[in-house]
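Single-structure report; data block below.
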Amino acid sequence: MTVERGLSGFTIEELCSEVGVSRRTFFNYYASKENAVLGIPVRSDTSDLEEAFVAGSGALLDDLLELHVARWEHLDLTAAEAEELTRVFEREPRLLAHFVGLAAEGERDDIALVRRRPDAPADDLRTATAVSVFGALLRPAILDYFADDSRDFRTVLTLRLDAARRVFSP
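In this text, residue positions in the sequence shown follow this note's numbering: the first is 1, and each later residue adds one.
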């Protein structure tokens, strides 16, 4: 509906009618129309993934890799869904801004997760930098994955992380 009519071109009531749910049910699953269009539910329980990350079984960057791969697998986004999101973003650039805002929120949440680890860097700037650098690797890895989905996401993200390691520690 967003690609065809734009975000303002339909109401939540029309959306609910189209998919056969009540308005109340809609808000049990999505905080807003924007989040529904982006497929971001109110509750997505990844606490087990986050607790495993906080417990830490390895080096921080390796554990960040494991956390993001597990989140990716939990998301289960197909290439067709990614293409549809691209069309939505092209039609409604403000949704891209909304998505970027949610990603920034996620980065802040990840910084808080890193700080909870027993091996957390004592320096808050190092913690924030580790999360930011990892986010900078994650975004192009997602694009790479959809450009060539013959490789699994772990492989694509690991290649980016290994390249960053070589850049920072030649």
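Think of the CB as a built atom: it goes at the ideal place given N, C-alpha and C, for glycine as much as any other residue.
All values derive from a computational prediction rather than experimental measurement.
Integer-rounded CB distance, given that L143 should sit under 8 Å from R160:
Here residue 160 corresponds to residue number 160 of the sequence shown, with the count starting at 1. Here residue 143 corresponds to residue number 143 of the sequence shown, with the count starting at 1. With 8 Å as the limit, R160 and L143 do not qualify as a contact, their Cβ atoms being about 11 Å apart.
Where does L96 sit, in a helix, a strand or coil, going by DSSP?
Within the sequence shown, numbered from 1, the residue matching residue 96 stands at position 96. DSSP places L96 in helix when its eight states are reduced to three.
Could you pull the start and end residues of the alpha helix (DSSP H) that I12 belongs to?
On the sequence shown, residue 12 is found 12 positions in, with the first residue counted as 1. It spans 12 to 19 - the alpha helix (DSSP H) in which I12 sits, taken as one unbroken run.
Using the Cα positions of D119 and G101, report the straight-line distance between them to the nearest angstrom.
Numbered from 1 along the sequence shown, position 119 holds the residue referred to as residue 119. Numbered from 1 along the sequence shown, position 101 holds the residue referred to as residue 101. C-alpha separation (whole angstroms): 28 Å.
Check whether Y145 and V133 have beta carbons under 8 Å apart:
Along the sequence shown, one-based indexing puts residue 145 at 145. Along the sequence shown, one-based indexing puts residue 133 at 133. No, Cβ-Cβ distance for Y145 and V133 is not below 8 Å.
Straight-line Cα distance separating H68 from R87:
The residue you call residue 87 lines up with position 87 of the sequence shown. The residue you call residue 68 lines up with position 68 of the sequence shown. In a straight line, the C-alpha of R87 is about 25 Å away from that of H68.
Quick check: what's the CA-CA separation for D109 versus E13?
For the purposes of this step, residue 109 is taken as the residue at position 109 of the sequence shown. For the purposes of this step, residue 13 is taken as the residue at position 13 of the sequence shown. Taking the straight line joining both Cα atoms gives about 32 Å.
Just verifying my parser: in three-state terms, what is the DSSP assignment at G9?
Here residue 9 corresponds to residue number 9 of the sequence shown, with the count starting at 1. G9 sits in a helix when the DSSP states are folded into three classes.
In chain order, which alpha helix (DSSP H) runs of at least 4 residues are fully inside the segment 15 to 96?
Segments of the alpha helix (DSSP H) lying fully in the segment 15 to 96: 23 to 29, 33 to 38, 47 to 55, 60 to 75, 79 to 91.
Tell me, please, whether the segment 74 to 92 touches the segment 38 to 58 by the rule of three or more beta-carbon pairs shorter than 8 Å.
Contact holds between the segment 74 to 92 and the segment 38 to 58, because three or more Cβ pairs, one in each stretch, are under 8 Å apart.
Decide if L95 is buried, meaning its Cβ has at least 16 other Cβ atoms within 10 Å, or exposed.
In the sequence shown, residue 95 corresponds to position 95, counting from 1. L95 is buried by the Cβ-count criterion.
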